[in-house]
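One line per chain: the protein sequences are H and S, in this order. Going by this note's numbering, the first sequence opens with residue 126, and the numbers climb by one from there. Going by this note's numbering, the second sequence opens with residue 35, and the numbers climb by one from there.
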Amino acid sequence: MTHPLQELRDAALAEIAAAGDVQALEAVRVLYLGRSGSISAWGEKMKTLSKEERPVVGKLLNEVRSAVTAALEESGEKLRATQEAGALAEIDISLPGTPHEIGALHPLTQMLDRAIGIFRRMGFALAAGPDVEDEWHCFDALNTAPDHPARNEQDTFYLPDGRLLRTHTSTVQIRAMESAPPPIRVIAPGAAFRRDEVDATHSAQFHQIEGLYVDERVSVADLKGALEFFLRELFGAETAVRFRPHYFPFTEPSFEIDVKSKALKSGEKWIEVCGCGMVHPAVFEEMNRARGDAAYDPEKWTGFAFGLGMDRLAMILFDIPDIRLFAQNDLRFLGQFA
Amino acid sequence: MWEGPLCPDLPARRNPSGHKGPSHIPISQRERGVLKFSLNWLREFVELPNDVAQLADLLTLAGVEIEGIEARGANFAHVVVAQVTASAPHPNADRLSVCQVDDGSGQVRQIVCGAKNYKVGDKVPLAQPGAVLSGDLKIKASKLRGVESQGMLCSAKELGIAEDAAGLLILSPEAKIGAPISELFPNDTILDVEITPNRSDLLSHYGLAREIAALTQKPLRALEMAEPRTANGSAVQISAPNECPFYSARRIENITVGPSPDWLRARLESVGLRAINSIVDITNFVMLEIGQPLHAFDADKLRGGINVRLAQPNEKFLALDGRTYQLDPKNLLIADAARGIAIGGVMGGEDTGVTATTRNVLLESAYFSPSNIRRTARELNLPSDASYRFERGVDPGMLLRASERATQLIHEIAGGEPVRETIIAGTLPAAPAGFSLRYTRCDELLGASIAPAEADRILESFGLQKLGATDEQSTWGIPSYRSDLRREVDLIEEIVRVFGIHRITGADRSRFTPASAADRRYDAEMTLRERLVARGFSEARTSALVGRQTLGSGFAKEAIELRNPLSEDHVALRPSLIPGLIAVLERNVRAGAKSVQLFEVGRVFLPAKGEEIRRLALLLCGAAGGPAHWRGAPARELDLFDLKGALESIGLGEVAFRRCESAEFALAMEILTGDQRCGGAGQLASAQAAKAAGAAAVFVAELDLPNEFETVDGARKFREWQRFPSVSRDIALIAPQALTHGEILAAIQSVREPLLAAVELFDLFGGQSVENIGAGRKSLAYSLTYLDKNRTLTSNEVSAAHDRIRERLKSEPGVELRE
Chain H
126 MTHPLQELRD AALAEIAAAG DVQALEAVRV LYLGRSGSIS AWGEKMKTLS KEERPVVGKL
186 LNEVRSAVTA ALEESGEKLR ATQEAGALAE IDISLPGTPH EIGALHPLTQ MLDRAIGIFR
246 RMGFALAAGP DVEDEWHCFD ALNTAPDHPA RNEQDTFYLP DGRLLRTHTS TVQIRAMESA
306 PPPIRVIAPG AAFRRDEVDA THSAQFHQIE GLYVDERVSV ADLKGALEFF LRELFGAETA
366 VRFRPHYFPF TEPSFEIDVK SKALKSGEKW IEVCGCGMVH PAVFEEMNRA RGDAAYDPEK
426 WTGFAFGLGM DRLAMILFDI PDIRLFAQND LRFLGQFA
Chain S
35 MWEGPLCPDL PARRNPSGHK GPSHIPISQR ERGVLKFSLN WLREFVELPN DVAQLADLLT
95 LAGVEIEGIE ARGANFAHVV VAQVTASAPH PNADRLSVCQ VDDGSGQVRQ IVCGAKNYKV
155 GDKVPLAQPG AVLSGDLKIK ASKLRGVESQ GMLCSAKELG IAEDAAGLLI LSPEAKIGAP
215 ISELFPNDTI LDVEITPNRS DLLSHYGLAR EIAALTQKPL RALEMAEPRT ANGSAVQISA
275 PNECPFYSAR RIENITVGPS PDWLRARLES VGLRAINSIV DITNFVMLEI GQPLHAFDAD
335 KLRGGINVRL AQPNEKFLAL DGRTYQLDPK NLLIADAARG IAIGGVMGGE DTGVTATTRN
395 VLLESAYFSP SNIRRTAREL NLPSDASYRF ERGVDPGMLL RASERATQLI HEIAGGEPVR
455 ETIIAGTLPA APAGFSLRYT RCDELLGASI APAEADRILE SFGLQKLGAT DEQSTWGIPS
515 YRSDLRREVD LIEEIVRVFG IHRITGADRS RFTPASAADR RYDAEMTLRE RLVARGFSEA
575 RTSALVGRQT LGSGFAKEAI ELRNPLSEDH VALRPSLIPG LIAVLERNVR AGAKSVQLFE
635 VGRVFLPAKG EEIRRLALLL CGAAGGPAHW RGAPARELDL FDLKGALESI GLGEVAFRRC
695 ESAEFALAME ILTGDQRCGG AGQLASAQAA KAAGAAAVFV AELDLPNEFE TVDGARKFRE
755 WQRFPSVSRD IALIAPQALT HGEILAAIQS VREPLLAAVE LFDLFGGQSV ENIGAGRKSL
815 AYSLTYLDKN RTLTSNEVSA AHDRIRERLK SEPGVELRE
């Protein structure tokens, strides 16, 4: 014989199965398990039962209650999932995402940051010096003769007091050696100025990274290893790097470096990217005179130095055709490098 | 200086205003030391590799960079020398003429021609029907505007022998009618060679051939030139021995000046020099051949002997370019008894030059002080082929031989009779002193191992003489043409040039380096930049030089001006970043930008202290929130509070703002960090902004960046956050328009309520038209947060605290709390 509770359970389960949405299911729950629901009512009824019946019915009531509760939860989860899926199905996921306005770092900054990042991995620290310099730091200390072509009013900007705008960041080599004895391992990013008429490849102001490494027994092999590493990090591992003997007053021997890479627009053409060389002993000698000591004894210390044109490297790396674009700061230009 | 041209594909251009002078080198290339060399000419002195590219690589990798290779020559069939016998206007075309020419075939040919630069009797190249010219131009007999043309008269460009296409190529009168043009212009290859300033010995064909011979281990065919007989004589006197240590003069009599023979003209023209007359051409030829610039005077126009002296103050000199130069005592003058006849080593005089009627010449070959020549040529803006060589230093060993070579050529070509002796004065510079090379030093500096025998072989190939040797070192004598070799390291460079840097393996030489103050500054500034970019600002980098227009205006009242600006756009060092950003705004507004948010981090130059300091500047103008968007907030304009928000959120620390007065601003504020004023901000006065942005409001800020940046000691430290819940209560109030948020905040804080942790303004509206508030009033709503770090607050405590604050606000005149 079936107990009425069992009948209630079967009826509840049937109604739960039949409930088509969350609201109908809730109605079923209230009907059976609500405060005055028909199953809940048995809680009160228990009090009227005999001592013998009570545990049996109590056990049955618990079983029925948990069976119905479980069925309600299971069915409810299904119904909610279906409902949610229905609602989300209407969302047009092709709508554009919420825009976040971000700006752009100037491509020259990005170029400098790439280069600085590589040199820092190689153990170079940064150094700095002023843009307004004296002739000694810009020329004399760098073994540049008094009648050198660069030292005149046609090529170099002078101030009324006789100082000048540095024509290269090599001045920072001198500043670094003035302020500390060897060893020195620094790079100096900065602006330089030349009295050039502005055109697609010339600018009155441009940007360089200067490098200087002075230590015991620094050699051309060390210079070559350092700059080959740098250029391959910058332009890719497959980049061909070529050193060509050249002339700079403040290095001897001196070289220019060409690179060639299929990844660049220039393709199979060698393009010049760097000037470098071994610090000229005359630079050390002049430094000792200025310091009043023999800290830079050219017999004990040797070093390499190099200069990289950042505008030029950025033009090569980012395919920028005209140097004037850097100073124009057109947002259509800057935005391309965001 | 490290850098060459900025872009390798385009030629460098310097000295745009430079006077061209009588030069075969374009100014731009000469500034970089690019010269033209003829392979045919070089072959007279040394055997060359068959493959030009191989020669170019050899030289380039030895430091003599080949920048260009150009095939020349007129090797065309059916192109012959023809003489124009008649010329008449074309009946149907104004610009054309109808010529009759004799091409040696016995038949007169009729040619229609567009050029104007010939006259009847000239000899010109004729392309006969069947010829194929450069650019695959096929020549046929045809009718031009109805007139028969049996071929074409050619320009130098059409024959591929020069870039100059203006008119027909007028040939020498001696050219044989009917001769194939290839006999006049044999095939040749022209190299553009960059000669570094230390290598004056390479500024001639003989000199470059000597270098090639050394690099290829081939014999150099020496120039057969005897030293001439010399005598000291009163005819030449040097009064300025520092500026001119040595001078020689040779008199050659009874010459006949005329056009140069074709071979000579072809040599000069092959490297881009214009033929003038036989005497001038010979001096130029010898210069290009062996590097010594010469000058020929018309001896009959000289009065008395030659005196090499400094110019008088303001002494005037009429040069052969037809211009009068005013000289000073720094300039060297070659003078006769009456006047200056040449600016020594730079340019000859107008009235003593060789002309068609000259009968007797005086040939000068001298050594001038390089620095004096350099200064004079530059001061007078008179760069020339001669000054170019003198200022780099000519070979004292070649000076008299060059004079002898020219004398012989003048004898052969112009029929002159040289007098027996060359008159000389002064002393030739001594040969460079010898010095030693230590083989281990060479190996250490190069990071390679080079056998002493190989090092010796290389130095000997360059003409150095081994004076003595031990196992460790050798001593070397330096030839007169290598004055650039002055010390050991110069010899090491010669060795590595030939040994080949490709044979040196790059080494990984690292060293730990502590961070410097510049490193910390760089990192801090990059963080600042990246934060601004993340907030929608784009980075501008403007020039440190500002234009005349900017100077004297609001943000650049005082600036350090350049003594020698090149253009009005760059006349002074910027004392502020703002003018640069305003110019960038102007450009972008003109380009149609609707929203401009810019920053710049850079140096400014303060005239008062002569200081360079680093600053940050921001500029805002136009629409906020980017382009229209489907869920965008209502459109609004960028304003002062966007500027403040940016400054408050990029890690500058606590920043405060205080109103101030400034003519440049419609609304001006000081920016304070701590109690220090570090910059200014605000909305630009329309006088500053209107040109760039019209009626739109422009907001700018500029502040000094700190000098010192954090080290590891400045790292931030963790702070425990509050464990007990906080309680929020709101206050809504109506206040007079004039009562500021700052004042309300100060009033709230004046209660010094210990439980009050934060006050946020979350609503503000007001103004004339707002209902329920009334004119001149505004409504504000604040959320106040209460907490205690040691316990959970009770509702009563919070209410008591909140009430104290409400009471305080009620006491503000005109303030009314809303319930």
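No residue lacks a Cβ here, since even glycine has one placed at the ideal position from N, Cα and C.
One or two residues paired with residue i in a DSSP bridge
i: Phe368 of chain H; result: H:Ile382
i: Gln824 of chain S; result: Before going on, a small fix: residue 824 of chain S reads as Asn here, not Gln. According to DSSP, which records beta bridges pairwise, Asn824 of chain S is partnered with nothing at all.
i: Asp332 of chain S; result: S:Val395
i: Arg284 of chain S; result: S:Leu397
i: Val166 of chain S; result: S:Lys172
i: Gln141 of chain S; result: Looking at the DSSP assignment, Gln141 of chain S forms no beta bridge with any residue, so it has no partner.
i: Gln360 of chain S; result: S:Lys350
i: His327 of chain H; result: H:Asp324
Where the beta strand (DSSP E) containing residue i begins and where it ends
i: Ile768 of chain S; result: Val761 to Pro770
i: His332 of chain H; result: Gln330 to Glu341
i: Gln631 of chain S; result: Ser629 to Leu640
i: Gln783 of chain S; result: Unbroken run through Gln783 of chain S is the alpha helix (DSSP H), His775 to Ser784; no beta strand (DSSP E).
i: Gly714 of chain S; result: Gln710 to Leu718
i: Arg852 of chain S; result: Glu850 to Arg852
i: Pro314 of chain H; result: Ile309 to Phe318
i: Val342 of chain S; result: Ile340 to Leu344
i: Thr292 of chain H; result: Careful: Thr292 of chain H lies outside any beta strand (DSSP E) and carries neither H nor E.
Beta-carbon proximity list for residue i, same chain, < 7 Å, skipping 5 on both sides
i: Val146 of chain S; result: His124, Leu130, Val132, Leu178, Val181 and Ser183
i: Phe380 of chain H; result: Phe368, Arg369, Pro370, His371, Cys401 and Gly402
i: Ala727 of chain S; result: Leu619, Val623 and Cys655
i: Gly586 of chain S; result: none
Chain-order list of residues whose beta-carbon lies under 8 Å from that of residue i (same chain, five-residue window excluded)
i: Ile313 of chain S; result: Ile289, Val291, Ala330, Val388, Thr392, Val395, Ile444 and Ala448
i: Ala274 of chain S; result: Val342, Arg343, Leu344 and Leu366
Own chain partners of residue i with C-beta closer than 6 Å, once the 5 adjacent residues on each side are dropped
i: Ser163 of chain H; result: Leu133 and Tyr157
Range of the contiguous alpha helix (DSSP H) that encloses residue i
i: His445 of chain S; result: Leu433 to Ala448
i: Leu493 of chain S; result: Pro486 to Ser495
i: Pro129 of chain H; result: Pro129 to Ala143
i: Phe533 of chain S; result: Glu522 to Phe533
i: His405 of chain H; result: Unbroken run through His405 of chain H: none, as it is neither H nor E.
Cβ-based burial, residue i [other Cβ within 10 Å; buried from 16]
i: Pro232 of chain H; result: buried
i: Leu89 of chain S; result: buried
i: Phe496 of chain S; result: buried
i: Leu798 of chain S; result: exposed
i: Lys812 of chain S; result: buried
i: Val114 of chain S; result: buried
i: Asn154 of chain S; result: Note that residue 154 of chain S is Val in the sequence shown, not Asn. When all chains shown are included, Val154 of chain S counts as exposed.
i: Glu253 of chain H; result: Checking the displayed sequence, the identity of residue 253 of chain H turns out to be Ala instead of Glu. Buried is the call here.
i: Leu40 of chain S; result: Here the model assigns Leu40 of chain S a pLDDT of 39, short of 50, so the residue's position is not dependable, and the following value carries that caveat. Per the 10 Å Cβ criterion, buried.
Residue-chain proximity (residue i, chain A), Cβ-Cβ < 9 Å
i: His262 of chain H; result: Note that chain A does not occur in the displayed structure, where the protein chains are H and S.
Determine contact between the region 247-255 of chain S and the region 348-362 of chain S, defined as no fewer than three beta-carbon pairs at a distance below 8 Å. no
Per the contact definition of three or more C-beta pairs closer than 8 Å, is the region 570-584 of chain S in contact with the region 610-618 of chain S? yes
Kindly confirm or deny that the region 509-529 of chain S and the region 313-320 of chain H touch, where touching means at least three C-beta pairs closer than 8 Å. no
Pairing CB atoms from the region 97-114 of chain S with CB atoms from the region 265-285 of chain S, are three or more of them under 8 Å? no
Does the region 587-600 of chain S come close enough to the region 283-296 of chain H that 3 or more CB-CB pairs lie under 8 Å? yes
For the pair the region 205-223 of chain H and the region 264-278 of chain H, tell me if three or more CB-CB distances fall below 8 Å. no
So, does the region 519-536 of chain S touch the region 184-201 of chain H, judging by three or more C-beta pairs under 8 Å? no
Touch test, the region 319-329 of chain S against the region 95-103 of chain S, Cβ-Cβ under 8 Å, three pairs minimum: no
Take every Cβ of the region 736-745 of chain S, pair it with every Cβ of the region 557-572 of chain S, and state whether three or more of those distances are shorter than 8 Å. yes
Could you check whether the region 298-313 of chain S touches the region 457-464 of chain S, counting it as contact only if at least three pairs of C-beta atoms, one from each stretch, sit closer than 8 Å? no
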